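See structure below.
Protein chains in written order, with our numbering: chain A, 132 to 345; chain B, 132 to 345.
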């Protein structure tokens with residue numbers, strides 16, 4: 132695939148947001164969007180939209196707006212989501228269960244192909260009762276075997292915080308490429324494994340900053 | 132409180148991360164941290180740490196490192212989390228239930244004081260069975276009354292996507308100040324209400340970008 136220059140984190144985040152907005156427009160039957168229209172629905176300014184897209188050369192035709200389908204494909208290629216990514220979720224409590232049925236994953240080529248828990252017998256009833264058991268829940272002991280067999284590249288950790296690093300270590304042993312950690316305990320992984328912590332307090336901190344300072 | 136210059140979004144996000152790292156250090160009994168130590172455990176570089184703190188004048192004493200307690204207090208003041216924020220969660224399915232017991236909220240002065248659902252009788256059993264019902268779950272019809280009575284400033288939406296904007300409109304009517312939306316449908320709110328969408332696909336997009344391009 133094409134390689135792009137080093138892009139600021141904030142731009143990467145916005146690309147993902149533009150993609151989401153473009154999908155909403157497409158769902159409404161739209162074919163073309165101007166940068167100012169896209170800016171309005173994505174809640175950024177039009178100059179920012181044009182600046183973000185300028186990292187990747189010329190998108191669209193000046194004065195004509197962007198072809199929504201082409202722009203979506205282009206953003207997907209840049210982000211690397213123009214192919215399927217196979218995912219395992221580890222820890223099937225409330226948060227893990229919520230992810231197993233999160234509607235937007237499939238739309239975006241994110242496919243959860245395995246779910247693990249320390250006590251699958253306990254959670255299976257819970258899952259199947261509430262939403263028809265979308266994936267089989269396996270014992271954590273089978274993590275390495277299943278991750279390799281099912282060619283899983285991404286692990287999502289939704290265990291209690293005290294288990295998060297242990298699970299991360301198991302995932303690294305199983306040759307995972309990336310980890311998204313939803314538990315409130317930060318995890319660390321050795322190169323080249325890429326891990327990200329998603330703390331809900333951080334999202335609230337950001338909101339509160341704007342409530343306090345704007 | 133003190134006012135600070137306009138700070139880049141990425142810095143605000145990192146401040147929240149530094150705070151989390153400082154809390155982990157404090158829990159281990161540490162009193163002082165150098166910028167390079169903080170950088171290592173927060174997974175950024177030391178120059179970035181110093182640059183981020185420079186937005187707020189001088190922190191710490193050169194060569195002596197930062198006093199962890201003072202630094203924490205300073206960051207909390209900047210972010211506006213040096214006081215309690217009262218929160219309502221709307222939509223008590225798996226995701227809402229996960230937030231009701233999310234361990235880090237209380238540590239950070241985020242207090243969930245109300246939970247709402249369209250069918251509280253259905254969810255109460257689920258919640259109380261699994262975690263002892265930490266807050267009473269009320270019918271959504273009581274939203275406005277309870278938000279005003281309990282002085283709630285932030286609403287967290289964890290409903291199915293097709294309900295998200297309707298709930299956001301109700302929250303705006305109830306004079307909420309800020310909304311964090313966890314449903315995959317983007318919401319919009321009129322000024323001065325501040326709303327943020329937290330899409331899990333965006334977190335995966337970011338991870339995948341780094342797996343693809345690094």
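Ideal Cβ placement from N, Cα and C applies to all residues, glycine included. Since this is a predicted model, take the numbers as computed values, not measurements.
Leaving out five residues before and five after residue 298 of chain A in sequence, what residues of the same chain have Cβ atoms less than 6 Å from its Cβ?
Within the same chain, residue 298 of chain A has close Cβ partners 221, 288 and 290.
So, are the CB atoms of residue 226 of chain B and residue 229 of chain A less than 7 Å apart?
A contact, by the Cβ cut-off of 7 Å.
Could you give the distance in angstroms between the alpha-carbon of residue 138 of chain A and the alpha-carbon of residue 186 of chain A?
Straight-line Cα distance between these residues: approximately 7 Å.
Please classify residue 339 of chain A: does DSSP put it in a helix, a strand, or coil?
DSSP places residue 339 of chain A in helix when its eight states are reduced to three.
At a cut of 8 Å, does the segment 299-308 of chain A reach the segment 268-287 of chain B through at least three beta carbon pairs?
No, the segment 299-308 of chain A does not touch the segment 268-287 of chain B.
Give the straight-line distance between the Cα atoms of residue 140 of chain A and residue 252 of chain B, rounded to the nearest whole angstrom.
Roughly 44 Å separates the two Cα atoms.
How would you write the range of the alpha helix (DSSP H) that residue 299 of chain B sits in, first residue to last?
292-304 is the span of the alpha helix (DSSP H), which, as asked, contains residue 299 of chain B.
Does residue 341 of chain B come within less than 7 Å of chain A when only Cβ atoms are used?
Yes, its Cβ sits closer than 7 Å to a Cβ of chain A.
Going by C-alpha distance, which of B/216, B/180, B/223 and B/338 is nearest residue 202 of chain B?
For residue 202 of chain B, the nearest C-alpha among the options comes from B/180.
Tell me where the alpha helix (DSSP H) around residue 236 of chain B begins and ends.
That run of the alpha helix (DSSP H) goes 235-238.
Less than 7 Å separating the beta-carbons of residue 313 of chain A and residue 338 of chain A?
No, Cβ-Cβ distance for residue 313 of chain A and residue 338 of chain A is not below 7 Å.
On the three-pair Cβ rule with 8 Å, is the segment 206-213 of chain A touching the segment 147-154 of chain A?
Yes, they touch.
Taking its Cβ as the centre, do 16 or more other Cβ atoms sit within 10 Å of residue 167 of chain A, making it buried, or is it exposed?
Result: exposed.
Taking the alpha carbon of residue 271 of chain B as the reference point, which residue from B/164, B/320 and B/248 has its own alpha carbon closest?
Ranking the options by Cα distance to residue 271 of chain B, first place goes to B/248.
Taking Cβ-Cβ distances shorter than 9 Å, what residues in chain B pair up with residue 225 of chain A?
The answer, in chain order, is 224, 225, 226, 227, 228, 229, 230, 231, 232, 261 and 262.
In the structure shown, what three-state DSSP assignment does residue 144 of chain A receive?
In the structure shown, residue 144 of chain A sits in a helix (DSSP, three-state: H, G or I).
Is the separation between the beta-carbon of residue 311 of chain A and that of residue 334 of chain B shorter than 7 Å?
Contact: yes.
Does the distance from the C-beta atom of residue 296 of chain B to that of residue 268 of chain B stay below 7 Å?
Contact flag unset, no.
In whole angstroms, what separates the C-alpha of residue 176 of chain A from that of residue 327 of chain B?
Taking the straight line from one Cα to the other gives about 16 Å.
Just to make sure I have the definition right: I need the residues of chain A whose C-beta is within less than 8 Å of the C-beta of residue 211 of chain B. Which are they?
Going along chain A in sequence order, the residues near residue 211 of chain B (Cβ under 8 Å) are 339, 340, 342, 343 and 344.
Report the neighbours of residue 148 of chain B on chain A: residues whose CB is nearer than 7 Å to its CB, in chain order.
In chain order: 333.
Whose C-beta lies closer than 7 Å to the C-beta of residue 173 of chain A among residues of the same chain, with five residues either side of it excluded?
Cβ neighbours of residue 173 of chain A beyond the five flanking positions: 148, 149 and 152.
Out of curiosity, what's the CA-to-CA distance linking residue 343 of chain B and residue 146 of chain A?
Looking at the two C-alpha atoms, the distance is approximately 15 Å.
Taking C-beta pairs closer than 7 Å, name the residues in chain A that residue 297 of chain B reaches, listed in chain order.
Under the 7 Å cutoff, chain A gives no residues; its nearest Cβ is about 16 Å from residue 297 of chain B.
Got a sec: which bits of the segment 312-334 of chain A sit with their beta carbon under 7 Å from any beta carbon on chain B, in order along the chain?
Per Cβ criterion, the list reads 315, 317, 325, 327, 329, 330, 331, 332, 333 and 334.
In chain B, which residues lie less than 9 Å from residue 140 of chain A when you measure between Cβ atoms?
Correct list: 141, 144 and 337.
For a contact defined as C-beta to C-beta under 9 Å, what are the partners of residue 155 of chain A on chain B?
Chain B residues near residue 155 of chain A: 316 and 317.
Could you check whether residue 218 of chain B and residue 197 of chain B sit closer than 7 Å to each other, using their CB atoms as the reference points?
No, the pair does not count as a contact, with Cβ atoms beyond the cut-off.
With distances taken from CA atoms, which of B/159, B/162, B/182 and B/160 is nearest residue 170 of chain B?
Residue B/182 is the option with its Cα nearest to residue 170 of chain B.
At the level of alpha carbons, what is the spacing between residue 307 of chain A and residue 336 of chain B?
For residue 307 of chain A and residue 336 of chain B, the distance between alpha carbons rounds to 17 Å.
Between which two residues does the beta strand (DSSP E) holding residue 248 of chain A run?
Note, residue 248 of chain A: beta strand (DSSP E), 241-248.
Quick one: list the residues of chain A neighbouring residue 285 of chain B, beta-carbon separation under 9 Å, in chain order.
What residue 285 of chain B touches in chain A: 335, 338, 339 and 342.
Using a C-beta to C-beta distance shorter than 8 Å, which residues of chain A count as neighbours of residue 308 of chain B?
Per Cβ cutoff of 8 Å: 342.
Helix, strand or coil, according to DSSP, for residue 269 of chain A in the structure here?
Note: residue 269 of chain A maps to strand in three-state DSSP.
If you reduce the DSSP assignment to three classes, tell me which class residue 180 of chain A lands in.
Correct three-state label for residue 180 of chain A: helix.
Where residue 165 of chain B and residue 250 of chain B are concerned, what is the direct C-alpha to C-alpha distance, given to the nearest angstrom?
Answer to the nearest angstrom: the Cα atoms are 51 Å apart.
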